[in-house]
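These notes concern the structure reproduced below.
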Amino acid sequence: MKTLPLLVKREYWEHRGGFLWTPVWVTGITLLLTVLGLVTAEVFRSRADVRVGFSLDMLRQDIDAKDWANAGYGLDVVQFVFGALPCIGLFFVLFFYLLGTLYDDRRDRSVLFWKSLPVSDLATVASKALSAMFVAPLIALAVSTLAYLAFLVIVGTWLSLHGLNVLPAIAASHPFRTAWRMLLTIPVDALWALPAIGWLMFWSAWARSKPFLWAVMLPILVVFANWWIGVLGGPHFAGVLDVAKIVGRLLLSVMPGGWMSLDAAGMARDWMPGHGSSGSEGLLAPERLLDVLASANLWIGVAGGLVLLAAAVRLRGRRIEVNV
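The numbering used here numbers the first residue of the sequence shown as 1114 and each following residue consecutively.
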């Protein structure tokens, strides 16, 4: 397995456009919109000063310690949002990366080159899975953290130009704790995503053409058939074996934070600040992550994902041709 780090590095360089530049573009657009919003606010503020005499001086004079604490909670939420925004783009990047990662090697015949090297099919599949589980999310977290720091500089500079010192608000926030807790979610995200990773890579290795149709349309048809039979009053899967939930896990669990669906009501409750913590801290509390790690739902999915990955490794060693 000494070649595994090199294979992971190869995955990064071959897919840097998705792994790196997608979060860069998402956060960059967010910062651009922030700047445009501040420019717009400045224009309207200057007009308001002329027409109604409004000034930030009034805001500066009325702020007390409680307001600064609430502002700190607000910054925690902003940091959480900056970490969550790239996840939307990351979902699509990882979905199509996993769906094509083994199929594309066969389509462009590069699989013949890799099979001529002393690289096992297990190492190849593992490097691709690990890239989706850890490399891409870590890059997204690093980019979002830098973008949040840039946001603080932009907004802090604008407010300081109006005589408002934002350092008390930054001091009241918890940037390091929030960043640490977001980092702790990555292993949980990786375990939660294993069913989807295994499912997509299995079809990427199995399909001779159009892996998207096999991986996506087939389970959707199964869900529809199960629903239709249920409508007709026939025997169908429901409850714990609800086919729609299983298919949703197979297709959508590569979305970072998908494990939050285990306790949606609790998540909504903890989003509200209270008991000395901001909403983002409540969502990412270590106790909540431990609850997820202790759930049977997670580990059943992990077992299923590992079985699918094992099947993908076996197919990788047997299938070379594709039908274009």
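Idealized CB from N, CA, C, for every residue including glycine.
Candidates the options: closest to residue i by CA position
i: Asp1404; options: Tyr1210, Ser1374, Gly1202; result: Ser1374
i: Ala1249; options: Leu1133, Leu1307, Val1190, Ala1263; result: Leu1133
i: Phe1195; options: Val1139, Arg1431, Gly1130, Asn1339; result: Val1139
i: Lys1323; options: Leu1145, Trp1340, Tyr1216; result: Tyr1216
i: Trp1181; options: Arg1401, Glu1124, Ile1283; result: Ile1283
i: Phe1209; options: Ser1286, Gly1276, Leu1313, Thr1291; result: Leu1313
i: Thr1291; options: Leu1406, Gly1418, Ala1184, Leu1188; result: Leu1188
i: Ile1278; options: Lys1122, Ala1184, Glu1155; result: Note that residue 1278 is Asn in the sequence shown here, rather than Ile. The option with the nearest alpha carbon to Asn1278 is Ala1184.
i: Glu1124; options: Val1238, Ala1357, Trp1319; result: Val1238
i: Leu1419; options: Ala1309, Val1335, Gly1343; result: Ala1309
i: Phe1204; options: Gly1371, Glu1400, Ala1425; result: Gly1371
i: Ala1245; options: Ala1154, Phe1226, Ile1333, Lys1122; result: Lys1122
i: Arg1429; options: Leu1151, Lys1241, Val1156; result: Lys1241
i: Ala1320; options: Gln1192, Val1356, Ala1407, Ala1425; result: Ala1425
i: Leu1274; options: Ala1285, Ala1338, Leu1151, Met1295; result: Leu1151
i: Thr1147; options: Arg1294, Leu1345, Gly1269; result: Gly1269
i: Phe1193; options: Trp1316, Leu1397, Leu1119, Arg1431; result: Leu1397
i: Trp1271; options: Val1137, Val1156, Leu1421; result: Val1156
i: Ser1223; options: Thr1116, Glu1127, Ala1338, Val1191; result: Glu1127
i: Ala1357; options: Arg1129, Leu1243, Val1336, Leu1296; result: Val1336
i: Trp1293; options: Gly1130, Ala1407, Leu1402, Lys1115; result: Leu1402
i: Thr1143; options: Ser1317, Gly1417, Ser1257; result: Ser1257
i: Leu1120; options: Ala1423, Thr1153, Ser1159, Leu1243; result: Leu1243
i: Phe1247; options: Pro1118, Leu1421, Ala1423, Leu1259; result: Pro1118
i: Val1360; options: Pro1348, Asn1339, Leu1345; result: Asn1339
i: Pro1369; options: Tyr1186, Leu1297, Ile1342; result: Leu1297
i: Leu1212; options: Ile1333, Arg1362, Ser1317, Gly1417; result: Ser1317
i: Leu1365; options: Pro1348, Val1344, Pro1332; result: Pro1332
i: Lys1115; options: Phe1315, Ala1236, Leu1406; result: Ala1236
i: Ala1260; options: Gly1417, Ala1416, Thr1135, Gly1141; result: Gly1141
i: Gly1311; options: Pro1136, Leu1421, Lys1179; result: Leu1421
i: Arg1362; options: Ser1159, Val1190, Gly1417; result: Gly1417
i: Arg1427; options: Asp1234, Ser1159, Arg1160; result: Asp1234
i: Val1367; options: Asp1221, Pro1281, Asp1355, Val1415; result: Val1415
Residue i, enclosing alpha helix (DSSP H) - first and last residue
i: Asn1339; result: 1331 to 1344
i: Arg1219; result: 1216 to 1220
i: Pro1118; result: 1117 to 1127
i: Ala1409; result: 1409 to 1429
i: Leu1358; result: According to the sequence provided, residue 1358 is Lys. The question's Leu does not apply to it. Where Lys1358 is concerned, the enclosing alpha helix (DSSP H) stretches over 1356 to 1365.
i: Pro1300; result: 1288 to 1319
i: Leu1402; result: 1399 to 1406
Residue-level contact to chain C via CB, residue i, 7 Å cutoff
i: Leu1304; result: This model lacks chain C altogether; it includes just one protein chain.
> Counting pairs of Cβ atoms below 8 Å between the region 1323 to 1332 and the region 1229 to 1248, do you hit three or more?
Replying inline: Counting Cβ pairs under 8 Å, fewer than three are found: no touch.
> Using 8 Å as the Cβ pair cut-off and three pairs as the minimum, do the region 1404 to 1424 and the region 1304 to 1317 touch?
Replying inline: yes
>> Using a Cβ distance threshold of 8 Å, determine whether the region 1252 to 1261 contacts the region 1199 to 1219, with at least three qualifying pairs required.
In response: yes
>> Just to confirm the assignment: which complete alpha helix (DSSP H) runs, minimum length 4, are found wholly within the region 1224 to 1282?
In response: Taken in chain order, the unbroken stretches of alpha helix (DSSP H) that lie wholly in the region 1224 to 1282 and span 4 residues or more are 1234 to 1243, 1249 to 1273.
> Counting Cβ pairs closer than 8 Å, one from the region 1204 to 1219 and one from the region 1256 to 1265, do we hit at least three?
Replying inline: no
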